[in-house]
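K.L.:
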Amino acid sequence: MAWWMLVDDGSTHTPDYYKKWAPDLYKDPVHRWIDSYHILFPLMLFGLLYYLGGMSWLVWGGFVRTIFVLHTTWLVNSASHIWGYRSHSTRDKSTNLWWVALLTYGEGWHNNHHAFQTSAKHGLAWWEIDMTYLAIKFMSLIGVAGNIKLPKIRQASVAGVGVGALTGDELVDDPNEFVPSGF
Ligand SMILES: [Zn+2]
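Numbering-wise (numbering that gives the first Met the number 0), the sequence shown opens with residue 0 and increments by one.
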């Protein structure tokens, strides 16, 4: 019944898998430690909630919150492939969906994510609120995050030069064209 609380140590959670797909994180002993013992953090939080507020705090702050977060995360890969708008012509059906973005702190700008898969920032238009990116930006301000990757923005051609139909800034619609950003 509580399968969702158990440590998932399936076939993808192997050193070889991590070395291939996240070599930079695998090199960091802190990240490896967190990956091995991540179950301790929710258990400590559950204990603290029960200590502070009893069963009602444990149920609402522990169990209900965990299930809510789990389901909103899954909405990204379901609802954000069905409803919403597409800013980029990716080879899938991903969409940007505002209410999923609000529930998931920005993950619902999922078409942007598919178009720029290594970008830390998912909300690319000014109205696409991205709380996760704001948190990353805050972490960079206090010096604990760096080399943050963003989509490369290039100026569209000026009138009479190149592609005349473009105006203003144009997002480079190529996942390979990323530049690290210092802010
Ligand atoms: Zn997707």
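Quick reminder that beta carbons are idealized off the backbone N, C-alpha and C, glycines included.
Going by Cα to Cα distance, which pick from G60, V63 and N95 is closest to S77?
P.N.:
When each option's Cα is compared against that of S77, the closest is N95.
K.L.:
What do you reckon, are the CB atoms on G105 and G122 nearer than 9 Å?
P.N.:
The answer is yes: Cβ separation under 9 Å.
K.L.:
So, using beta-carbon positions, are A119 and S86 closer together than 9 Å?
P.N.:
Taking 9 Å as the Cβ cut-off, A119 and S86 do not qualify as a contacting pair.
K.L.:
First and last residue of the alpha helix (DSSP H) that includes I33?
P.N.:
Its alpha helix (DSSP H) spans residues P28 to Y36.
K.L.:
What three-state label does DSSP hand K136 in the structure shown?
P.N.:
Note: K136 maps to helix in three-state DSSP.
K.L.:
Should H113 be listed as close to ligand 1, given that the test is whether its C-beta is under 8 Å from any heavy atom?
P.N.:
H113 Cβ: within cutoff of ligand 1.
K.L.:
Taking 8 Å as the cut-off, does the CB of N95 come closer than this to any heavy atom belonging to ligand 1?
P.N.:
Checking the Cβ of N95 against ligand 1 gives no.
K.L.:
Less than 6 Å between C-beta atoms, sequence neighbours within five positions excluded: which residues of the same chain meet that for W56?
P.N.:
Here the set comprises L48.
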